[in-house]
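Visitor: For reference, the structure I am asking about is given below.
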Amino acid sequence: EPDPYRDTWVRYLGYANEVGESFRALVPVPVVWASYGVATAYVTADAIDKGRRAATVSAPLSPPRSIPHPTDPPLTPVCPPQAHAQDPTRVGVAVVDTFVWQGLASVVIPGFTINRLCAASLALLGTLTRWPLPRRRWATTALGLAAIPLIITPIDRTVDFLMDSSLRKLYGTPGEPPKS
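The end of the sequence shown is residue 1391 by our numbering, with every number in the run present.
Encoded structure:
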């Protein structure tokens, strides 16, 4: 089953704040803050979705025995997985892990990165060129937009490392955010 928050166009809503930061030099600040609202709504919806998915995960099958011993009781037939009662820990871990991961990887770190890149480029263009302010602002916006695809993978990998080195050690789930 495709994940609507990661496998469809909805995923791009998580980049709204980077686009907002790229346009900061051209638009009123409330527009930039609204872009953070869109990205935060995306992160929240994804976390809720992952919590719902974790609540409906089937119980795992019991592992098969390799070699039965003569004194072992007769083998019980393995039944298909049954939906189990909601495990609040599993649901909580899925929500927290997804929210923290997405919050860092989709909102906080990229927003800060694009903000600082655009601020530095606007200042440098003011120092190094004689371009009029509107041209410098558009150049800064273009640079910010062009940087978005370049920063995604390094930020995602860094957040994976940070999460695996800290929060995920508390609940023992290294790797990507829960997919189910």
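Note that CB positions come from ideal geometry on N, CA and C, so glycine has one too.
Note that the coordinates shown come from a computational prediction; the quantities given were computed from them, not determined experimentally.
If you follow the alpha helix (DSSP H) that Ala1357 is in, where does it begin and where does it stop?
Guide: Where Ala1357 is concerned, the enclosing alpha helix (DSSP H) stretches over Leu1344 to Ser1376.
Visitor: Considering only C-alpha positions, which residue in the set Thr1324, Ile1259, Pro1241 and Val1243 is nearest to Leu1361?
Guide: It is Thr1324 whose Cα lies nearest to the Cα of Leu1361.
Visitor: Evaluate the contact criterion for the segment 1245–1263 versus the segment 1217–1233: three or more CB pairs, one atom per stretch, below 8 angstroms.
Guide: With the cut-off at 8 angstroms, the segment 1245–1263 and the segment 1217–1233 touch.
Visitor: Sort Leu1339, Leu1344, Leu1381 and Arg1327 by Cα distance to Ile1359 and report the nearest one.
Guide: Measuring from the Cα of Ile1359, the nearest candidate turns out to be Arg1327.
Visitor: Quick one: what's got a C-beta closer than 6 angstroms to Leu1356's C-beta in the same chain, skipping five residues either side?
Guide: Hits under 6 angstroms: Ser1233.
Visitor: State the Cα-Cα distance for the pair Asp1214 and Phe1310, rounded to the nearest angstrom.
Guide: Looking at the two C-alpha atoms, the distance is approximately 16 angstroms.
Visitor: Under a three-way DSSP split, which group does Asp1257 fall into?
Guide: If DSSP states are grouped into helix, strand and coil, Asp1257 belongs with the helices.
Visitor: For the alpha helix (DSSP H) that Thr1267 lies in, which residues bound it at each end?
Guide: Run containing Thr1267: none; DSSP gives neither H nor E here.
Visitor: For the candidate residues Lys1261, Leu1315 and Ala1236, whose alpha-carbon lies nearest to that of Leu1378?
Guide: When each option's Cα is compared against that of Leu1378, the closest is Leu1315.
Visitor: By a C-beta neighbour count over all protein chains shown, 10 Å radius and 16 as the cutoff for buried, is Tyr1216 buried or exposed?
Guide: Per the 10 Å Cβ criterion, buried.
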